[in-house]
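The structure under discussion appears below in the form of structure tokens.
Protein chains in written order, with the working numbering: chain A, 1 to 362; chain B, 1 to 357; chain C, 1 to 295.
Here it is, written out as structure tokens:
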């Protein structure tokens, strides 16, 4: 079990890590999600022992490891750049951590072949990394991290430099491979989709602060504050200010009934978050809030279309099924699904999340 | 601005290419319409960058010609072609201010001072860079720098085309959205011919009106996003477009029925006997899950909840099959699947068999 | 920022620390010791205070030598830096000729200082030297041992020949690190060859140029062996640089006190000029660093 307690890291006057506490269990997959410069890499460097925190504790199975050098920590790390030993074959690259530990040849051979098999590298074992594609090079680096039998495996945006489809395939394979080893996995990414595909737990970071840490799907379904909600949405969540007065939530001249769970909130202005796929172009049967606007851009992905609608300073994006050819500049009415409102108060804290409807088998 | 014609264009990195396999870019005939927004989409090594370099003039094709309007530009240098290009990593002139960066291509072309000022201030406004016009370009963020690279192309009103070489690689996801929307906007406002190279299907499909899908040096399909989605001309297009990609199942096809193992599937169209290896393609979006007795039983291997929907990964008669389950719907206990007949495509040796043929 | 945290690493520094103490700190302290005392031999020392420093600063000989040094450094820097950049720009950036060029460039750097002096001494002789003989057969009266101008020209050409390669190698390293996209973008922007240099290559080589500049300044300002071998400081005192003068005083005349004071002043001048150069050059064309980089 890895425990981080009140970690703080400053570089000069810049606070890179601001009072972060986290607990990660053995065999767990933990995603660090946040934009560039949010502190993901800094936090990983502290966990690895490459940097020393200015204050706070790092406990590995209860013992404080702050100050223990990285060589003694049994940590494996994979970077965004493909880092392999250029002069060694793929086989030797994968074997290298075990050679350091002086494992016997039979064990090495068995484990290298296992890892190569998992990472689909078996045909390339005799090649050197420079003769491989980017994806194969990164799989070599991943295989090396796996055979190390490290207690802690840190992956810093390992798929960021790979092709889209390859990324998609590896994302599916990685959680399965992680689960088998029993180590603590930490995976940094800027992409919400990636976090969702990986599953496990997610810690969202913003400007060096931890904004939430919970099961990935729960962070997605119930982000505790507006910043987390924004971090965890791709396409970006729409944020609309609404006035609550009595039973009604109003925007301009339109209003809708307030969701039941939020009925007791005091009157006032709230920010509501609605994901693009809960914005409709035609009035649904369920309660919804009408908004008027002008179409500013449309994007079509084949099965779905993104319609950007502008209302004064607000930009609302609707993600709708099928292909909708609409005229840019045309006025349009859109409907925000009331049952899917995330309601944030004046401090941008979540006060009401949409009910998760998971109908049971019928 | 001009239409771009590719006339029997092909390129090989070998001096004397012998077989088809020696060509990094296989023979291609195409006309890019003036003012269109195009994407070149494919995995790395598919030849899309080669094609882009031929258009920009960094590479001379081994065969065929390229024309801008009526002018043959095959052997012209990049600077003689009047094009603009935005690269994967932002290219800015470090020592200059944002404004000077935008002025640079115009100053080089000896445009009049008053005209330069007018265009540059317009461009600063369009790109939302007014606030930082007189800052050194060096200290800006990646997306701001990328906007400058783009602006340097756009200030030249008369460019034949603007080429983008994976321009969003170094941009954070939420900024990608903004920049892509901005690009669409600019295309609409200014009407330049734009060609966008990427391996990311979302970027290609949302940006372009026409997408050119490339695979191993060959253009496998050119079509609108809808066409690529609904009727992939090649199984590779089916797999590459869509996330997860199209399910490709080997099947027996006869008349208007297909057989996968012991399962019989009704087809909308009549197919003549297929001599090559027949396959059935169906997108996960059109695979319906049931718990009742209708449909084909599958073995569920994994379920991924990605918020908007769930991906159910299973085996149908030993073949991998994915289904997409809308938000809020449960995975049935003893799942069976049916296919939406109107969305089934039939392939022969990886190529689409046109319906009704 | 990429620091690895390990206390034991300090132990590895200890031997170096001892070596530096013996090789630098102790001799410097000895020099400081000499500079404030007078001796008549027999290991008898008398306190002299700042007398030697005042003497040195008042002597014409010191100021002459210093101005010779400054002139020499100024001339060779204004030749070697532009010439080095020019050679770098004309070198191939890829292909089989790259290693050939680099090795050829590195050759002069491998020759020991005194050998360089000797080579040029012979090279320039009117009786047997290729250069000297050729010039005199062309009717040019060239003699570096008697003509001040000839002596200076010879030393400068020798230094340029010896050290321009260093500037080239450093600049080359800076130049090849510029991504190809920059050149492509420049061509598309319709940039002239000069603008490519002014706005892409020069800014990207700034870092290595500062290093080249400082190294060449320090080395040229402390030049000793080559002019010593070639001209011995002559004709007259025309090529007596501070280092040569220093040795004459300390070993030739055994004036330990003034020599010690002079060497300390010398050292301070080098440090001061380097500091000024470095500060000025680092600030030229640079902006405040980007905030809070993550790596």
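The beta-carbon is built from N, C-alpha and C at its ideal position, and this holds for glycine as well.
When the Cα of residue 295/A is compared with those of 280/A, 316/A and 329/A, which residue comes out closest? To locate residue 295/A, count along the first chain from 1; it is residue 295. Closest by alpha carbon: 329/A.
Can the beta-carbon of residue 34/B be found less than 8 Å from the beta-carbon of residue 7/B? As a working note, residue 34/B is residue 34 in the second chain. As a working note, residue 7/B is residue 7 in the second chain. The Cβ atoms of residue 34/B and residue 7/B do not sit closer than 8 Å to each other.
Per DSSP, what kind of secondary structure is residue 174/C in: helix, strand or coil? Walking along the third chain from the start, residue 174/C turns up at place 174. Reduced to three states, the DSSP call for residue 174/C is helix.
Considering Cα atoms alone, identify which of 201/B, 54/B, 137/B and 205/B is closest to residue 168/A. Indexing the first chain from 1 puts residue 168/A at position 168. It is 201/B.
If I measure Cβ to Cβ from residue 274/B and keep anything under 8 Å in the same chain, skipping five residues before and after, which residues do I get? To locate residue 274/B, count along the second chain from 1; it is residue 274. Result list for residue 274/B: 253, 346, 348 and 353, in chain order.
Considering only the alpha carbon of each residue, which of 8/A, 180/A and 112/A lies closest to residue 56/A? Taking the first chain and counting its residues from 1, the one referred to as residue 56/A is at position 56. Of the candidates 8/A, 180/A and 112/A, 8/A places its Cα closest to the Cα of residue 56/A.
Going residue by residue through the segment 120-189 of chain B, where are the continuous beta strand (DSSP E) segments of at least 3 residues, counting only ones entirely within it? Listed in chain order, the complete beta strand (DSSP E) runs (minimum 3 residues) inside the segment 120-189 of chain B are 161-165.
So residue 194/A and residue 176/A are supposed to be a Cβ contact under 8 Å. How far apart are they, rounded? Against the first chain, residue 194/A aligns to sequence position 194. Against the first chain, residue 176/A aligns to sequence position 176. Not confirmed; about 15 Å, so no contact.
Can a CB atom of chain B be found closer than 8 Å to the CB of residue 94/C? On the third chain, position 94 is the one that residue 94/C refers to. Taking Cβ atoms only, chain B never reaches closer than 8 Å to residue 94/C, which makes this a no.
With a cut-off of 8 Å, does the C-beta of residue 138/B fall near any C-beta of chain A? Translated into the one-based positions of the second chain, residue 138/B becomes position 138. Closer than 8 Å: no.
Please list, in chain order, all residues of the same chain as residue 263/C whose beta carbon is under 7 Å from its beta carbon, the five residues on each side excluded. Counting from 1 along the third chain, the entry for residue 263/C is found at position 263. The residues are 31 and 246.
Could you spell out the range, first to last residue, of the beta strand (DSSP E) harbouring residue 189/A? Within the first chain, numbered from 1, the residue matching residue 189/A stands at position 189. If you look at residue 189/A, you'll find it in the beta strand (DSSP E) that goes 184-189.
Using the C-alpha atoms, what's the distance from residue 317/B back to residue 112/A? In the first chain, counting from the first residue as 1, residue 112/A sits at position 112. In the second chain, counting from the first residue as 1, residue 317/B sits at position 317. Those two C-alpha atoms are separated by around 33 Å.
What separation, rounded to the nearest whole angstrom, lies between the Cα atoms of residue 414/B and residue 116/B? In the structure displayed, chain B extends from 1 to 357; residue 414/B sits before or after that span and is not available.
Taking the beta strand (DSSP E) that residue 319/B belongs to, which residues open and close that run? Locating residue 319/B in the second chain gives position 319, counting from the first residue. First-last of the beta strand (DSSP E) with residue 319/B: 319-326.
Counting Cβ pairs closer than 8 Å, one from the segment 284-302 of chain A and one from the segment 331-344 of chain A, do we hit at least three? Judged by Cβ distances under 8 Å, the segment 284-302 of chain A makes contact with the segment 331-344 of chain A, as three or more pairs qualify.
Just to make sure I have the definition right: I need the residues of chain D whose C-beta is within less than 7 Å of the C-beta of residue 51/B. Which are they? Here the protein chains are A, B and C, and chain D is not one of them.
Classify residue 314/B as buried or exposed, calling it buried when 16 or more other Cβ atoms lie within 10 Å of its own Cβ. The residue you call residue 314/B lines up with position 314 of the second chain. With 16 or more other Cβ atoms within 10 Å, it is buried.
Where the segment 251-279 of chain B meets chain A: residues whose CB sits under 8 Å from a CB there: Only those residues of the segment 251-279 of chain B whose C-beta falls short of 8 Å from the nearest C-beta of chain A would be listed, and there are none.
Closest Cβ-Cβ distance between residue 155/B and chain C: below 8 Å? For this step, residue 155/B is matched to residue 155 along the second chain. Not closer than 8 Å to any Cβ of chain C, the Cβ of residue 155/B fails to qualify, so no.
I want to verify the contact list: residues of chain A whose CB lies under 7 Å from the CB of residue 241/B, in sequence order. The residue given as residue 241/B occupies position 241 in the second chain. Chain A residues near residue 241/B: 302.
If residue 2/A sits next to residue 187/A, beta carbons under 8 Å apart, how far is it from one beta carbon to the other, in whole angstroms? Indexing the first chain from 1 puts residue 2/A at position 2. Indexing the first chain from 1 puts residue 187/A at position 187. Actually they do not touch by this definition, with Cβ atoms about 14 Å apart.
From the DSSP output, in three-state form, read off residue 51/C for me. Residue 51/C sits at position 51 when you count from the first residue of the third chain. In the three-state reduction of the DSSP assignment, residue 51/C falls in the helix class, which pools H, G and I.
Tell me, please, whether the segment 115-122 of chain C touches the segment 209-229 of chain C by the rule of three or more beta-carbon pairs shorter than 8 Å. At 8 Å Cβ cutoff, the stretches touch.
In the DSSP assignment, find the beta strand (DSSP E) that holds residue 315/A and state where it starts and stops. The residue you call residue 315/A lines up with position 315 of the first chain. Start and end: 314-321.
In its own chain, which residues sit with a C-beta less than 7 Å from the C-beta of residue 221/C, not counting the 5 before and 5 after it? Residue mapping note: residue 221/C aligns to position 221 of the third chain, counting from 1. The answer, listed in chain order, is 69, 73 and 270.
Do you know how far the Cα of residue 40/A is from the Cα of residue 209/A? The residue you call residue 209/A lines up with position 209 of the first chain. The residue you call residue 40/A lines up with position 40 of the first chain. Those two C-alpha atoms are separated by around 10 Å.
Limits of the unbroken beta strand (DSSP E) element including residue 30/B: Within the second chain, the letter at position 30 stands for residue 30/B. Going by DSSP, residue 30/B is part of the beta strand (DSSP E) stretching over 23-32.
Between the alpha carbons of residue 290/C and residue 281/B, how many angstroms are there, rounded? If you number the third chain from 1, residue 290/C lands on position 290. If you number the second chain from 1, residue 281/B lands on position 281. Residue placement at residue 290/C is flagged as unreliable, the pLDDT there being 38, under the threshold of 50; the coordinate-derived value follows with that caveat. Whole-angstrom Cα-Cα distance: 51 Å.
Report the three-state DSSP secondary structure of residue 7/B (helix, strand or coil). Stepping through the second chain from its first residue, residue 7/B is reached at position 7. In this structure, residue 7/B counts as strand in the three-state DSSP scheme.
On the premise that residue 204/A lies in contact with residue 216/A, defined as a C-beta separation below 8 Å, what is that separation, rounded to the nearest angstrom? Locating residue 216/A in the first chain gives position 216, where the first residue counts as 1. Locating residue 204/A in the first chain gives position 204, where the first residue counts as 1. No, residue 216/A and residue 204/A are not in contact; Cβ-Cβ is about 10 Å, not under 8 Å.
Within chain C, partners of residue 84/B - CB distance below 8 Å: Locating residue 84/B in the second chain gives position 84, counting from the first residue. Per Cβ cutoff of 8 Å: 188.
Are the CB atoms of residue 260/C and residue 34/C nearer to each other than 8 Å? Here residue 260/C refers to the residue found at position 260 when the third chain is read from its first residue. Here residue 34/C refers to the residue found at position 34 when the third chain is read from its first residue. Result yes, Cβ atoms of residue 260/C and residue 34/C sit closer than 8 Å.
Counting only C-beta atoms, is residue 68/B closer than 8 Å to chain A at any point? For the purposes of this step, residue 68/B is taken as the residue at position 68 of the second chain. Output row for residue 68/B: interface = no.
Do you know how far the Cα of residue 262/A is from the Cα of residue 352/A? Taking the first chain and counting its residues from 1, one reaches residue 352/A at position 352. Taking the first chain and counting its residues from 1, one reaches residue 262/A at position 262. Going from the Cα of residue 352/A to the Cα of residue 262/A covers about 6 Å.
Contacts of residue 177/B in chain A (Cβ-Cβ under 7 Å): Here residue 177/B corresponds to residue number 177 of the second chain, with the count starting at 1. Residues of chain A whose Cβ lies closer than 7 Å to the Cβ of residue 177/B are, in chain order, 235 and 236.
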